[in-house]
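In the numbering used here, the protein residues as written are 640 to 916.
Built from N, CA and C at the ideal position, the CB exists for glycine as well.
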């Protein structure tokens with residue numbers, strides 16, 4: 640990578656090189672920020688500094704490119720991944736969201752869990768941690784009871800939520816102004832997190848109610864997202880309850896199981912320039 644801030648307009652001029660191509664920065668009109676690999680090990684003071692320099696140099700340069708259609712802009716992704724902000728904005732957009740508590744106080748956690756009529760769950764605020772080898776650990780949503788909460792809660796912040804009665808789950812993939820909703824059913828009614836039963840799931844396209852669709856569209860506009868993968872629970876009485884919105888969530892397996900044109904929608908969002916009036 641070589642880029643110089645030059646010219647009368649002081650734009651970044653240069654190119655990105657890898658083993659396959661040499662890309663002129665001025666030719667970039669669309670970018671898909673799709674789970675880039677880490678910038679290297681963070682072990683050791685010198686390595687951590689090198690990693691940070693690469694992240695803010697290469698990452699910052701890409702984010703600064705003008706007139707680029709992003710899915711999604713990396714700065715938007717980072718802000719949108721903030722779960723407390725997501726939940727408050729979702730409620731503001733009119734979506735049903737579970738009661739929630741963020742705390743490192745075990746007393747507050749016990750009080751919250753005790754007053755949830757349908758029980759309570761614990762879920763991570765972000766994806767699971769990485770092992771020293773770089774593998775990502777997957778942490779599932781789990782039931783939690785009052786007697787399980789001990790002083791270990793003080794070590795960091797935790798997210799507790801009310802358990803929402805579930806008739807079935809839904810993954811909604813939003814791409815631009817197109818919305819694809821897929822019903823996800825498990826064979827085990829005791830499963831709280833369908834990712835824990837991945838090999839036995841069944842999928843079927845479903846229509847998202849107009850109010851839920853409008854609320855999700857408002858949330859994505861507020862977060863600045865072109866693409867999002869949101870998770871929902873539909874209760875036995877038919878209420879669509881918003882759980883979270885992943886700005887860079889998986890999608891291809893849904894197309895394989897349902898035939899929904901997710902790939903085509905992504906291509907259109909990256910290549911079709913929309914005019915404004």
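Using the beta-carbon count (16 or more within 10 Å), is residue i buried or exposed?
i           : result
residue 762 : buried
residue 709 : buried
residue 862 : buried
residue 821 : buried
residue 746 : exposed
residue 871 : buried
residue 715 : buried
residue 688 : exposed
residue 885 : buried
Would you list the one or two residues that DSSP bridges to residue i?
i           : result
residue 820 : 811
residue 641 : 654
residue 869 : 811, 884
residue 666 : Answer by DSSP bridge pairing: none, since residue 666 is not bridged.
residue 735 : 880
Candidates the options: which alpha carbon is nearest residue i's?
i           : options            : result
residue 702 : 893, 670, 904, 687 : 670
residue 667 : 659, 676, 651, 802 : 651
residue 855 : 746, 835, 900, 880 : 880
residue 741 : 735, 734, 647, 760 : 760
residue 800 : 902, 692, 753      : 753
residue 788 : 765, 750, 814      : 750
residue 823 : 748, 876, 843, 758 : 843
Which residue comes first and which comes last in the alpha helix (DSSP H) that contains residue i?
i           : result
residue 716 : 713-719
residue 708 : Note, residue 708: premise wrong, no alpha helix (DSSP H); beta strand (DSSP E) at 708-710.
residue 692 : 684-703
residue 722 : 722-731
residue 903 : 901-910
Alpha carbon to alpha carbon, how far is residue j from residue i? Give it in angstroms, no decimals.
i           : j           : result
residue 783 : residue 798 : 11 Å
residue 892 : residue 795 : 34 Å
residue 909 : residue 713 : 15 Å
residue 661 : residue 806 : 51 Å
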